[in-house]
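Only one structure is covered here, and it is reproduced in the block below.
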Amino acid sequence: DARVTQTPRDKVTEMGQEVTMRCQPILGHNTVFWYRQTMMQGLELLAYFRNRAPLDDSGMPKDRFSAEMPDATLATLKIQPSEPRDSAVYFCASGLGGTADTQYFGPGTRLTVL
Amino acid sequence: QKEVEQDPGPLSVPEGAIVSLNCTYSNSAFQYFMWYRQYSRKGPELLMYTYSSGNKEDGRFTAQVDKSSKYISLFIRDSQPSDSATYLCAMSDPYSGGGADGLTFGKGTHLIIQP
């Protein structure tokens, strides 16, 4: 049963600390998305990659957030330094590029910044 | 005005009732329309997918798209307590920079089915 995996599932950290979230996309999927979900804003697209190349990161605060795909099996999202307003659930999703109905979400990383 | 509007609820109905969930949108270029279901502390999962206007049925679920009114609906028949979840609509414009998979989501409606 192919699925997107994310680590860690929960992260509690103090303001100013670096946070790294990891995602393993479904094997064979060439597009990876990072979303952030909050009660106020709902699900927001932060960045996405196709064939490991960044296509759009306009949703990300550039000064503190960075997203990379070191290889086809790993995507990372880093926040440095973290702030309390970054507290949210961060989801990774993967899919087949150009199709609307193949986007599969991971279980999310619940981040709390104190 | 946000591109996609969705009533957050909660919407509480008794078991067996017909549920109607709705979204309105402002971008007439949207052509792909989806409904995702999200259980507590889980990621969203695709429930229904339609292209352009019309109806699509899958078991107890029916998705409707009215592009002239910029309005989409999800109907759940014979609702069950296991249908209790947050339902998010999503849509995309295949000719935008984001392509067909550049989804714009509603905030989600929290649905509660009372046993």
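Residue numbers (my numbering), protein chains in the order written: chain A, 106 to 219; chain B, 2 to 116. Note that beta-carbon positions come from the ideal geometry of N, C-alpha and C, so glycine has one too.
At a cut-off of 7 Å between beta carbons, B/F31 makes no contact with chain A. When beta bridges are read from the DSSP output, A/M145 appears opposite no residue. The region 168-178 of chain A makes no contact with the region 115-127 of chain A, as fewer than three CB pairs between them are under 8 Å. In the DSSP secondary-structure assignment, A/R127 is bridged to A/T112, A/T181. 7 Å or more divides the Cβ of A/G200 from the Cβ of A/R155. Around the beta carbon of B/I19, fewer than 16 other beta carbons sit within 10 angstroms, so the residue counts as exposed.
Shown here, B/S85 sits in coil according to DSSP, grouped into three states, outside any helix or strand. In the three-state reduction of the DSSP assignment, A/R190 falls in the helix class, which pools H, G and I. In this structure, the beta-carbon distance from B/S74 to B/I114 does not fall below 7 Å. Bridge partners of B/A91 according to DSSP: B/M35, B/F106.
Put simply, the CB of A/P212 is near chain B, with a gap under 7 Å to one of its CB atoms. Close CB contacts of B/F31 within its chain, under the 6 Å cut and outside five residues either way in sequence, are with M92, D94 (chain order).
Contact between the region 5-19 of chain B and the region 203-210 of chain A is absent, with fewer than three C-beta pairs closer than 8 Å. For B/K68, the closest Cβ of chain A is not nearer than 7 Å. When CB distances to chain B are screened at a threshold of 9 Å, the residues of the region 171-199 of chain A falling below it are V194, F196, C197, A198, in chain order.
Residue B/W36 holds the alpha-carbon nearest to the alpha-carbon of B/L89 among B/T25, B/W36, B/E16, B/S29. Apart from sequence neighbours up to five positions away, the residues of its chain that approach A/P175 with a beta-carbon distance below 8 Å are T181, ordered along the chain.
One Cα belongs to B/V66, the other to B/T51, and the distance between them is close to 8 Å. B/P116 does not reach chain A, its nearest Cβ partner there being about 26 Å away, counting only Cβ pairs nearer than 7 Å. Using a Cβ-Cβ cut-off of 7 Å, B/G44 counts as an interface residue toward chain A, since at least one Cβ of chain A sits closer than that to its own. When A/R157, A/K167, A/D106, A/M144 are compared, the shortest CA-CA separation from B/K108 is found for A/M144. In the three-state reduction of the DSSP assignment, B/Q65 falls in the strand class, which pools E and B. For A/G133, not one C-beta of chain B is nearer than 7 Å to its own C-beta.
The CB of B/A101 comes closer than 7 Å to the CB of G203, T204, A205 in chain A, given here in chain order.
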